[in-house]
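Let me begin by presenting the structure, written as structure tokens, before commenting on it.
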Amino acid sequence: MNEVVNETERLSRQTDEGAQELKASHELVVTGTVWPELEGDGETMIINMGPQHPSTHGVLRVMMELDGETVVRAKPVIGYLHTGMEKTGEQLTYVQGCTNVTRMDYASPIANEIVFSMAVEQLLDVEVPERSIWIRMMLAELSRMASHLLFQASNGMDIGAVSMMLYGWREREETLRVLEMITGLRMNHNFVRPGGVAADLPDGWQHAVLELCDKVEVGIGDYDTLLTGNPIWIERTVGVGVITTEQALALGVSGPILRSTGFAWDLRKAQPYLAYDKVDFDVIYTQNGDCFDRYRIRLTEIAESIKIVRQCVEMMPPGDYRVQDKKITPPPRERIDQSMEALIHHFKLFTEGFRVPAGETYVSVESPRGEVGCYIVSDGTGKPTRMHVRAPSFYNLQSMGPMMEDRLVADAVAVISSVDPILGEVDR
Amino acid sequence: MALDAVPHNFLTGRLEDVVRWARRNSVFPATFGLACCAIEMMATGAAHYDLARYGMEVFRASPRQADLMIVAGRVSQKMAPVLRQVYDQMVEPKWVISMGVCASSGGMFNNYAIVQGVDQIVPVDVYVPGCPPGPETLMHGILTLHEQIRTGELLKRREVSPTGGAAIQVSEPPAGTPRMPVSISQAT
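Residue numbers (this note's numbering), protein chains in the order written: chain A, 1 to 428; chain B, 1001 to 1188.
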């Protein structure tokens, strides 16, 4: 089989030299047209997939115009999970804000918390302690691992490798257990807060984290054995759902989908935040922009995350886990029992919140799905005037149409799965 | 014929108990994942927590083949009619678990977009608290439902029962009241 022969060449992992070159060989335009009225010769048929469908990753609805078994065009219909989170964000104080944003991308909540906290800190103009930065980075990578493991599970199941559902969840459970040990919750942690993190790392965290790294490393080796060389898997994914760099950029796509087209764009390298300039890792990218490459990139990114997490364990600096600024940090629990002022201070912080200077800011980080950004406008009160989140899944979803066009309807599920949308983030 | 004359071992029981026993041990859930809770629902069905122990590992994609709808996540105004339609497509006997605070009461999202409790749309048998509830919590909810099935009425039709869950009677509002964002026509 030709694909297998070329496989090593196709998958050769490259570091970032020369990856940013962009050859503008095609027009940087993907035509988005108005959805046609069904009329005329009756040759095509419009069918709906979803919003209640096992492979739509929640409540995505895809309208597909079919000519026989070929998809002429496809359009995602969203809004079935619209939660009004941006509006709710305007009614919550900055202290409570993380509770809200963490429920957007529920597969990797830490990234959302980090981006919100960083935006608030930028408005407040505070420097968070070194240790909290490293704790954040380690949690972000653990969260990325959990998210990509979920992708491996659901992607496998969608395409027909049902056993991947069990294997992927096996490792994800281990990851969630470590996250629960550190943050107290399996999901929706609300652990990263403006000014630092909610608590220090628990006793014995190094051992738990390193043990997890070993387990997941074995796990991704298993997936590699099960899927990468599997002829059925290759048949279902190689050359399916192809998108070019130009199309991806024109649509605002980021994350693994953009990297699968040969454009090594990763905010962790492109504009290092937290302490990503102090750790050693590679940006994974491939050249073909198909479903197989996106699977492969996410699998390899788990290994890169493990690398970063191990470095975090090694280099974790001592110190405080939150900034000691009385304006934004609640007093320690023991002080509340002793001092009336501390009690009042604590009460004020959690009822009214702290005031943030007027201004606006945009901060973006690399979530497992791409660039997640937070835009906050403050008018100087304790609540944001506007809180907008640039959700990567929302933009990535637009690439679904070009990927599905002129492909068989059976490939539609593979495409939806490889885009890996989280609908909570799309609809917010 | 006397029982001791029969050559095989057998058990006797009331037909009702046998039916309840059979129902309790083969509840097929419909996949109705909406948001965060759906991920935890998947975790409950996956390797570690293994819902198969209760005869429930078969998550049916089609509501026609399902007995139990686990409403996992926040129900938006746009999703509510779809949810009701899926519920109506399920055949009796059917049960509903409201998983998580968003489905149970709207949770932290008390705003224009979220239905403040799925029991406004479908009758709920078991409410599972948490945001999101862990797999253990969901399993406890499922076992509570099993107990309800074991002891409950056999021939109950939900819409007309005065006790089973929220007996929803959807009707036109009185003239002059502002229209609710969701209008659901009464299933006949």
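By construction, the Cβ of each residue, glycine as well, lies at the ideal position given by its N, Cα and C atoms.
- Query: Taking the DSSP output, what are the residues bridged to A:R61?
  - Reply: A:V77.
- Alpha carbon to alpha carbon, how far is B:A1038 from A:A412? Give it in angstroms, no decimals. A straight-line Cα-Cα distance of about 22 Å links A:A412 and B:A1038.
- Message: Taking the straight line between their C-alpha atoms, what separation do you get for A:K23 and A:G252?
- Response: Caution is warranted here: a pLDDT of 37 is assigned to A:K23, below 50, making its placement in the model unreliable, and the coordinate value is therefore given only provisionally. Taken atom to atom, the span from the alpha-carbon of A:K23 to that of A:G252 is near 17 Å.
- Cβ atoms of A:V313 and A:L201: under 8 Å apart, would you say? Not a contact, by the Cβ cut-off of 8 Å.
- Per-residue burial, A:K348 [other beta carbons within 10 Å of its own, 16 or more giving buried]: Exposed is the label assigned to A:K348, since fewer than 16 other Cβ atoms lie within 10 Å of its Cβ.
- Query: So, is B:W1021 buried or exposed, given that buried needs 16 or more other C-beta atoms within 10 angstroms?
  - Reply: The residue in question, B:W1021, is exposed, as its Cβ has fewer than 16 Cβ neighbours within 10 Å.
- A:Q91, buried or exposed, once every other Cβ within 10 Å from all chains shown has been counted against 16: Per the 10 Å Cβ criterion, exposed.
- Query: So with Cβ pairs under 8 Å, would you call B:K1094 a contact of chain A?
  - Reply: It does not; no Cβ of chain A falls within 8 Å.
- Do three or more CB pairs link the segment 120-139 of chain A to the segment 268-286 of chain A at distances below 8 Å? Yes, they touch.
- Task: Check each residue of the segment 180-191 of chain A: if its Cβ is closer than 8 Å to any Cβ of chain B, include it; give the result in chain order.
- Result: Within the segment 180-191 of chain A, the residues whose Cβ lies closer than 8 Å to some Cβ of chain B are R186, M187, N188, listed in chain order.
- Item | Distance between A:P109 and A:A410 (C-alpha atoms, nearest Å) | Per the coordinates, the alpha-carbon of A:A410 lies some 32 Å from the alpha-carbon of A:P109.
- Please name the residue in A:V415, A:V389, A:S393 whose C-alpha comes closest to that of A:G401. Taking only the C-alpha atoms, the option nearest A:G401 is A:V415.
- For A:E366, three-class secondary structure by DSSP: If DSSP states are grouped into helix, strand and coil, A:E366 belongs with the strands.
- Close beta carbons around A:P51, own chain, < 6 Å, minus the five adjacent residues each side: Only V59, R61, Y80 meet the Cβ criterion.
- Please go through the same chain and pick out, in chain order, the residues whose beta-carbon is closer than 8 Å to the beta-carbon of A:G424, but skip the five residues on each side of it. These residues qualify, in order along the chain: G58, L81, T83, R103, M104, D105, Y106.
- Can you list, in chain order, the stretches of the alpha helix (DSSP H) that have 4 or more residues and sit fully within the segment 382-425 of chain A? Correct list: 392-398, 400-404, 410-419.
- Message: So A:G289 and A:T261 are supposed to be a Cβ contact under 8 Å. How far apart are they, rounded?
- Response: Yes, they are in contact, since the Cβ atoms of A:G289 and A:T261 sit about 4 Å apart, within 8 Å.
- Exposed or buried, A:N112, counting other C-beta atoms within 10 Å across all chains shown (16 or more means buried)? Taking all protein chains in view, the Cβ of A:N112 is crowded by 16 or more other Cβ atoms within 10 Å, so the residue is classified as buried.
- For the beta strand (DSSP E) that B:L1068 lies in, which residues bound it at each end? Per DSSP, B:L1068 belongs to the beta strand (DSSP E) from 1068-1072.
- Task: Taking a Cβ distance cut-off of 8 Å, strictly less, list which residues of the segment 1028-1047 of chain B are near chain A, in chain order.
- Result: Listed by position, the residues of the segment 1028-1047 of chain B near chain A (Cβ gap below 8 Å) are T1031, F1032, G1033, L1034, A1035, C1036, A1038, I1039, E1040, M1042, A1043, A1046, A1047.
- Task: List the residues of chain B that A:M165 touches, going by C-beta distances under 9 Å, in chain order.
- Result: Those within 9 Å of A:M165 in chain B are M1042, G1045, A1046, A1047.
- Query: Who does A:V377 pair with in a DSSP beta bridge?
  - Reply: For A:V377, which the question treats as bridged, DSSP gives the partners A:E360, A:R386.
- Query: What residues in its chain sit with their C-beta under 8 Å from that of B:P1162, if we drop five residues either side in the sequence?
  - Reply: Note that B:P1162 scores a pLDDT of 45, beneath 50, so its modelled location is shaky; the value from the coordinates is reported in the next line. Correct list: empty, nothing qualifies.
- Indicate whether at least one CB of chain B lies closer than 8 Å to the CB of A:G221. For A:G221, not one C-beta of chain B is nearer than 8 Å to its own C-beta.
- Query: Under the three-state reduction of DSSP, which class applies to B:D1119: helix, strand or coil?
  - Reply: Secondary structure at B:D1119: helix, using DSSP grouped into helix, strand and coil.
- Task: Within 10 angstroms of the Cβ of A:F350, are there 16 or more other Cβ atoms? Answer buried if so, exposed if not.
- Result: Exposed, since its Cβ has fewer than 16 Cβ neighbours within 10 Å.
- Message: Does any residue of chain B have a CB that is nearer than 8 Å to the CB of A:G84?
- Response: Residue contact with chain B for A:G84: present (Cβ-Cβ distance below 8 Å to some residue of chain B).
- With 8 Å set as the bound, which would you pick, yes or no: does the beta-carbon of B:A1113 sit closer than that to a beta-carbon of chain A? Using a CB distance cut-off of 8 Å, B:A1113 counts as an interface residue toward chain A.
- Message: Contact criterion: CB-CB distance below 8 Å. Does A:G195 meet it with respect to chain B?
- Response: Taking CB atoms only, A:G195 has no neighbour in chain B less than 8 Å away.
- Query: Is any heavy atom of the ligand NAP found at a distance shorter than 7 Å from the C-beta of A:H346?
  - Reply: In terms of ligand content, the structure shown is empty, and the ligand NAP therefore cannot be addressed.
- Item | Three-way DSSP call (helix, strand, coil) for A:M49 in this model | Looking at A:M49 - three-state DSSP - the assignment turns out to be strand.
- Message: Judging by CA-CA distance, which residue of A:P384, A:I302, A:P231, A:L166 is the nearest neighbour of A:V216?
- Response: Looking at the Cα atoms, A:I302 is the closest of the given residues.
- What residue range is occupied by the uninterrupted alpha helix (DSSP H) comprising A:I308? Counting along the chain, A:I308 sits inside the alpha helix (DSSP H) bounded by residues 291-315.
- B:W1095 bridges to which residues according to DSSP? Looking at the DSSP assignment, B:W1095 forms a beta bridge with B:L1068.
- Applying the criterion that 16 or more other CB atoms from any shown protein chain within 10 Å of the CB defines a buried residue, is B:A1052 buried or exposed? By the neighbour-count rule (16 or more Cβ atoms within 10 Å), B:A1052 is not buried but exposed.
- Is the beta carbon of B:S1104 less than 8 Å from the beta carbon of B:Y1127? Against a cut-off of 8 Å, the Cβ pair of B:Y1127 and B:S1104 comes out as a contact.
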